[in-house]
Amino acid sequence: MKKILFLHGFYASGRCVPAVALKEAFKGGADIITPDLPMHPKEAVSFIRGLIDSEKPDLLIGNSCGSFYAQMVAPVVGVPALLGNPHFQMTEFLKQRIGEHQYKSPRKDGKQKFVIDETLIEEFAELEAIQFNNCNPDFKDRIWGLFGEKDTLAHFEPTFLKHYNKSFHFPGGHTPTADEVCNWYVPLARNLLESI
Numbered sequence: 337m338k339k340i341l342f343l344h345g346f347y348a349s350g351r352c353v354p355a356v357a358l359k360e361a362f363k364g365g366a367d368i369i370t371p372d373l374p375m376h377p378k379e380a381v382s383f384i385r386g387l388i389d390s391e392k393p394d395l396l397i398g399n400s401c402g403s404f405y406a407q408m409v410a411p412v413v414g415v416p417a418l419l420g421n422p423h424f425q426m427t428e429f430l431k432q433r434i435g436e437h438q439y440k441s442p443r444k445d446g447k448q449k450f451v452i453d454e455t456l457i458e459e460f461a462e463l464e465a466i467q468f469n470n471c472n473p474d475f476k477d478r479i480w481g482l483f484g485e486k487d488t489l490a491h492f493e494p495t496f497l498k499h500y501n502k503s504f505h506f507p508g509g510h511t512p513t514a515d516e517v518c519n520w521y522v523p524l525a526r527n528l529l530e531s532i
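The sequence shown begins at 337 in this note's numbering and counts up by one.
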C-alpha cells in the first residue's frame with residue numbers, strides 16, 4: 337500500500353479538515369500520515385526529515401506552510417510532492433499577526449495557544465532565503481502546484497513556475513474544504529503517484 341505524508345498549514349494540525357478528508361478518501365488505498373508539525377520552522381523541517389526516514393512515504397502533500405516545507409524537503413529526500421496553495425513568504429504572513437493565537441484544529445499535545453513573535457519571524461526568514469536551493473532539473477515535473485482561484489492569502493504561482501512545470505487550479509480558497517480535497521487534491525495525488 338502506498339504511503340502519503342500530509343503537511344498541514346501554520347494554524348492547523350494533523351486533524352485539520354484537509355487531513356481528515358485525505359484519510360477518508362484514501363481509506364483502504366493508501367496509508368495517510370498526518371502529524372502535528374512543530375511551530376518553529378527548523379524544528380519542523382528536522383521533524384519532517386526524521387518522519388520521512390522512518391515512514392518512507394511515496395508522496396508528500398502540503399497545504400500553505402506545509403507546502404513551503406514540502407518544497408524544500410522533497411528534492412533532498414527524493415519524494416515527489418503536491419503543493420496546495422504554497423506560501424513561500426511566511427515572514428510577510430507572520431509580521432501582520434504578531435501576538436497570541438489559537439490553532440484552528442485540535443493538536444495531540446492539547447496545546448491550542450501559540451505566540452507569533454520576532455524570533456519566530458527571523459527563523460522563517462532564514463529558511464525563506466534558502467528555500468529553493470535544493471531545486472534540481474530532476475524534480476521540475478515531480479513537484480506539482482495546486483492553486484485556489486479564491487485564495488486571498490497566498491499568490492505564489494509565478495514563483496512556483498520559476499522552478500517547477502506542473503501547475504493546476506481549483507475553484508476554492510486558501511484552505512480547501514473536504515469536498516475540494518476529494519475533487520482536486522486526491523485525483524492529482526493519484527496521478528502523481530502513478531507517474532513516478
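C-beta atoms are modelled at their ideal positions from N, C-alpha and C, and glycine is treated no differently.
#1: To the nearest angstrom, report how far apart E516 and E485 are at their CA atoms.
#2: What residues are listed by DSSP as bridge partners for V451?
#3: Go ahead and pull the three-state DSSP assignment for L358.
#4: Roughly how far, in whole angstroms, is the beta-carbon of F383 from the beta-carbon of T495, given that I think they are within contact range, below 8 Å?
#5: Quick one: is D389 buried, meaning 16 or more other Cβ sit within 10 Å of its Cβ, or exposed?
#6: For R433, count the other beta carbons within 10 Å of its own beta carbon; 16 or more makes it buried, fewer makes it exposed. Which is it?
#7: Would G402 and L343 qualify as a contact pair, given that the criterion is a beta-carbon distance under 7 Å?
#8: Touch check for the segment 477-493 and the segment 408-425: three-plus C-beta pairs under 8 Å?
#9: Between H437, G398, N501, E379, which lies nearest to T511 when the distance is taken from Cα to Cα?
#10: Tell me the rounded alpha-carbon separation between K431 and R526.
#11: Hey, L373 and A380 are a contact pair by Cβ (cut 8 Å); roughly how many whole angstroms apart?
#12: Have a look at H376 and H499 and give me their C-alpha separation to the nearest angstrom.
#13: Decide if V522 is buried, meaning its Cβ has at least 16 other Cβ atoms within 10 Å, or exposed.
#14: Name the two residues that bound the continuous beta strand (DSSP E) containing D367.
#15: Where do the N-terminal and C-terminal ends of the alpha helix (DSSP H) with A410 fall, by residue?
This is what the structure gives:
#1: Taking the straight line joining both Cα atoms gives about 12 Å.
#2: Assignment of beta-bridge partners to V451 by DSSP yields E436.
#3: If DSSP states are grouped into helix, strand and coil, L358 belongs with the helices.
#4: Between T495 and F383 the Cβ distance is about 25 Å, and since that is not below 8 Å, they are no contact.
#5: Of the other Cβ atoms in all chains shown, fewer than 16 fall within 10 Å of the Cβ of D389; this residue is therefore exposed.
#6: With fewer than 16 Cβ atoms within 10 Å of its Cβ, R433 is classed as exposed.
#7: Yes; because the gap between Cβ atoms is below 7 Å, this pair is in contact.
#8: Enough Cβ pairs lie closer than 8 Å, so yes.
#9: Here the closest residue by C-alpha is G398.
#10: One C-alpha to the other measures close to 36 Å.
#11: Rounded, the Cβ-Cβ distance is 5 Å, consistent with contact.
#12: Rounded to the nearest angstrom, the two C-alpha atoms are 25 Å apart.
#13: Buried.
#14: Looking at the DSSP string, the run of the beta strand (DSSP E) that includes D367 is 366-369.
#15: Segment 401-413, the alpha helix (DSSP H) holding A410.
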